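Those letters in the sequence shown? Residues 1 to 500, by the numbering used here. C-beta atoms are modelled at their ideal positions from N, C-alpha and C, and glycine is treated no differently. From a predicted model like this one, the values you see are computed outputs, not experimental measurements.
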Amino acid sequence: MNNKRNIIFRRIGLSLAALAVVVTIFTVIANVVVERSTRDRIYDNIDALPHNRVALLLGTSPLNRYGTPNSYFTNRINTAVKLFRQGKIDYIIVSGDNHTRQYDETTAMKDSLMAHGIPEDAIVPDYAGFRTLDSVVRAKEVFGCDSLTIISQADHNARALYLAEKSGIEAVAIAAPLRAGRLVRVRLALREWLARDKMMLDLLVGKRPHFLGEKIEIPQSPSNPYAPLKEKLTQYIADKNARIGIAVLVNGRYSVSINGDYAFPMLSVYKFPIAMAVAEYCRMRDIDFSDSCLVTAGDLHRDTYSPMLKKYADVDTASITFDELLAYALQQSDNNASDILLNCIGGAASANEYVSATGIEGVTIKWSEDDMHIDVSRCYENSATPVAMAKLMWTFDSQYNDTLSKRIKQLMESCETGQARLAKPLIESNAVIGHKTGTGFINPDGSLMAVNDAGYVHLPDGTHYSIAVFIADSYYDMEHTEDIIADISEMTAEFITNAN
Numbered sequence: 001m002n003n004k005r006n007i008i009f010r011r012i013g014l015s016l017a018a019l020a021v022v023v024t025i026f027t028v029i030a031n032v033v034v035e036r037s038t039r040d041r042i043y044d045n046i047d048a049l050p051h052n053r054v055a056l057l058l059g060t061s062p063l064n065r066y067g068t069p070n071s072y073f074t075n076r077i078n079t080a081v082k083l084f085r086q087g088k089i090d091y092i093i094v095s096g097d098n099h100t101r102q103y104d105e106t107t108a109m110k111d112s113l114m115a116h117g118i119p120e121d122a123i124v125p126d127y128a129g130f131r132t133l134d135s136v137v138r139a140k141e142v143f144g145c146d147s148l149t150i151i152s153q154a155d156h157n158a159r160a161l162y163l164a165e166k167s168g169i170e171a172v173a174i175a176a177p178l179r180a181g182r183l184v185r186v187r188l189a190l191r192e193w194l195a196r197d198k199m200m201l202d203l204l205v206g207k208r209p210h211f212l213g214e215k216i217e218i219p220q221s222p223s224n225p226y227a228p229l230k231e232k233l234t235q236y237i238a239d240k241n242a243r244i245g246i247a248v249l250v251n252g253r254y255s256v257s258i259n260g261d262y263a264f265p266m267l268s269v270y271k272f273p274i275a276m277a278v279a280e281y282c283r284m285r286d287i288d289f290s291d292s293c294l295v296t297a298g299d300l301h302r303d304t305y306s307p308m309l310k311k312y313a314d315v316d317t318a319s320i321t322f323d324e325l326l327a328y329a330l331q332q333s334d335n336n337a338s339d340i341l342l343n344c345i346g347g348a349a350s351a352n353e354y355v356s357a358t359g360i361e362g363v364t365i366k367w368s369e370d371d372m373h374i375d376v377s378r379c380y381e382n383s384a385t386p387v388a389m390a391k392l393m394w395t396f397d398s399q400y401n402d403t404l405s406k407r408i409k410q411l412m413e414s415c416e417t418g419q420a421r422l423a424k425p426l427i428e429s430n431a432v433i434g435h436k437t438g439t440g441f442i443n444p445d446g447s448l449m450a451v452n453d454a455g456y457v458h459l460p461d462g463t464h465y466s467i468a469v470f471i472a473d474s475y476y477d478m479e480h481t482e483d484i485i486a487d488i489s490e491m492t493a494e495f496i497t498n499a500n
């Protein structure tokens with residue numbers, strides 16, 4: 001009897017071992033197939049991502065099991081917002097599970113996107129995305145998508161791309177950031193491997209979505225309504241004896257770019273991203289702008305533009321608040337104040353690191369005002385593209401609303417420099433403009449190195465836009481060059497007002 005029982009147990013053990021081997025082999029094969037067939041279509045650089053009319057934003061809960069914000073949700077939303085603002089997509093299908101009133105991924109994603117300024121008519125809800133298979137197949141069969149940009153974390157993207165391929169969809173994916181420790185990453189990888197096993201079995205047995213329903217047509221992308229403005233501005237600057245770059249974002253959307261991806265010297269426009277970096281420095285240390293920087297006589301250079309010298313020229317040391325220094329730097333473009341702030345937060349490298357962390361590419365901070373004064377050629381290395389600066393202005397205006405950011409906005413909206421530039425045609429319109437100007441040296445050939453202005457505008461009708469106008473190597477005098485910026489600002493505001 002015991003021998004028979006042992007034989008039975010042995011057979012069961014061998015069967016389980018054989019099953020484990022089969023499952024392991026199946027898992028390995030499934031993952032190798034998925035990885036190899038999709039890895040070239042997962043992007044982590046938005047700039048390299050091709051345009052698709054429609055994106056599929058895969059759902060997850062906005063909160064984790066502890067009731068705190070879910071970083072997967074937040075990072076997917078932020079990635080979708082960046083794609084939309086950079087013109088990489090025109091519509092976003094938000095596909096998730098909403099099987100109860102208490103659990104509704106789709107509505108949570110839609111609300112979050114709209115809170116970031118994405119227009120409601122650009123968001124397509126899919127309330128039946130109970131699984132990744134449902135979301136992908138419904139994108140094809142319900143929403144009629146033959147091509148897609150999929151938005152999720154990288155491992156999930158691979159599975160979604162494989163499903164898209166099997167559904168006849170030409171798809172690429174953008175990897176939303178994944179911030180997790182090593183153990184969490186291992187657990188997620190194991191979970192994803194098992195999910196791929198299930199996906200393969202679903203495909204083998206021809207699994208279908210829980211629901212399909214009637215087809216829903218996503219409109220063809222409208223032509224850019226601001227194309228006539230671009231044409232008008234292009235004609236206006238065509239005969240100008242200067243290098244001019246323009247970028248305009250209306251309600252967060254890429255709208256107009258003329259030489260917008262070329263780098264221009266920022267000059268004092270760079271005091272705006274420095275101010276943003278100062279605010280972040282204070283946030284990280286749980287301090288506010290009432291805290292002070294220690295200033296010595298050696299920080300107060302006499303051979304530069306510095307209105308603060310009227311008050312501090314004769315001091316050996318002084319404790320000056322961040323708030324006062326920011327007021328000097330942003331409202332009066334004080335070079336000493338800017339350098340003192342830069343030194344307080346760790347120098348140009350720290351400010352540049354902060355700007356890079358925003359995810360906006362095309363802004364470089366390498367030198368202080370004193371560095372540029374010592375070697376004028378360094379001005380060209382503190383550079384920005386008009387598109388990047390317009391994006392930074394828009395992001396700051398629309399997303400940064402804490403106490404520190406509100407104070408920076410107050411200072412920028414009461415900027416005392418450059419009133420003959422972007423602000424000139426807006427002064428009598430009751431529009432709100434927060435901006436920062438920049439002015440360069442005179443080149444050896446007599447041209448003006450740079451005359452710049454960048455800012456955000458709130459029109460009386462509720463329309464918001466950001467604008468950056470950079471003029472380099474202008475062979476006109478200062479007044480004429482500033483008039484060019486004012487004309488561009490006037491044409492832009494007038495067109496946007498009439499368009500709305």
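In this model, valine 457 and valine 250 are separated by some 10 Å (Cα to Cα). Around the Cβ of alanine 313, a 10 Å sphere holds fewer than 16 other Cβ atoms; the residue is exposed. For a cut-off of 8 Å, the C-beta gap from asparagine 343 to threonine 304 is around 15 Å, too long to register as a contact. Taking a C-beta distance under 8 Å as the contact criterion, threonine 417 and leucine 448 do not qualify as a contact pair. The way I'd put it, the stretch 207-218 does touch the stretch 122-129; three or more beta-carbon pairs between them come closer than 8 Å. The beta strand (DSSP E) runs lying completely inside the stretch 285-335 and spanning 3 residues or more are 292-296, 317-321, given in chain order. Your pair proline 265 and asparagine 352 does not check out as a contact, with CB atoms roughly 15 Å apart and the cut at 8 Å.
Under the three-state reduction of DSSP output, histidine 156 falls in the helix class. Distances from the CA of leucine 267 to each of Val186, Trp367, Leu201 were compared; the closest alpha carbon is that of Trp367. Straight through space, the alpha carbons of aspartate 146 and serine 167 are spaced by roughly 9 Å. In the structure shown, serine 489 adopts helical secondary structure according to DSSP, grouped into three states.
Using a Cβ distance threshold of 8 Å, isoleucine 174 and leucine 83 count as a contacting pair. It is roughly 15 Å from the alpha-carbon of threonine 234 to the alpha-carbon of proline 386. Pairwise C-beta distances place the stretch 237-256 out of contact with the stretch 315-324, as fewer than three of them are shorter than 8 Å. Assignment of methionine 266 by DSSP, reduced to helix, strand and coil, places it in the coil class. Nearest C-alpha to serine 466 among Asp477, Ile433, Thr439: Ile433. For isoleucine 151 against arginine 39, the beta-carbon gap comes to about 17 Å, at or over 8 Å, which does not count as contact. Non-local C-beta neighbours of arginine 243 in its own chain, meaning closer than 6 Å and more than five positions away in sequence, comprise Ala472, Asp473, ordered along the chain.
Annotation note: the stretch 39-121 contains the following uninterrupted beta strand (DSSP E) runs of length 3 or greater, listed N- to C-terminal: 54-58, 91-95. A Cβ-Cβ contact shorter than 8 Å links glutamate 192 with histidine 156. In this structure valine 172 is in contact with tyrosine 43, their Cβ atoms being roughly 6 Å apart against a cut-off of 8 Å. The three-state reading of DSSP puts threonine 385 in coil, since its state is none of H, G, I, E or B.
Pairing aspartate 375 with histidine 301, the inter-Cα distance amounts to about 15 Å. Beyond the five residues adjoining it in sequence on each side, valine 142 comes within less than 7 Å, by CB distance, of Leu212, Gly213, Lys215, Ile216 in the same chain, given in chain order. Close CB contacts of lysine 110 within its chain, under the 7 Å cut and outside five residues either way in sequence, are with Val94, Ile123, Pro125 (chain order). Per DSSP, glutamate 353 is one residue of the alpha helix (DSSP H) stretching across 348-357. The stretch 381-453 is shown to contain whole beta strand (DSSP E) runs of 3 or more residues at 432-439, in chain order. Per DSSP, the beta-bridge partners of serine 147 are Glu170. Separation of leucine 63 and glycine 438 (C-alpha to C-alpha, rounded to the nearest whole angstrom) is 43 Å. Classified as buried, tyrosine 354 has 16 or more neighbouring CB atoms from the shown chains inside 10 Å of its CB.
Counting only residues of its own chain and dropping the five nearest sequence neighbours on each side, aspartate 487 has no CB closer than 6 Å to any other CB. For proline 228, there is no enclosing beta strand (DSSP E); the enclosing alpha helix (DSSP H) has its first and last residue at 227-237. In the three-state DSSP reduction, isoleucine 218 falls in the coil class, being neither helix nor strand. Taking the C-beta atoms as reference points, glycine 362 is found nearer than 8 Å to alanine 384. Tyrosine 456 carries a strand assignment under DSSP once its states are collapsed to helix, strand and coil. In the structure shown, isoleucine 496 falls within a helical segment according to DSSP collapsed to helix, strand and coil.
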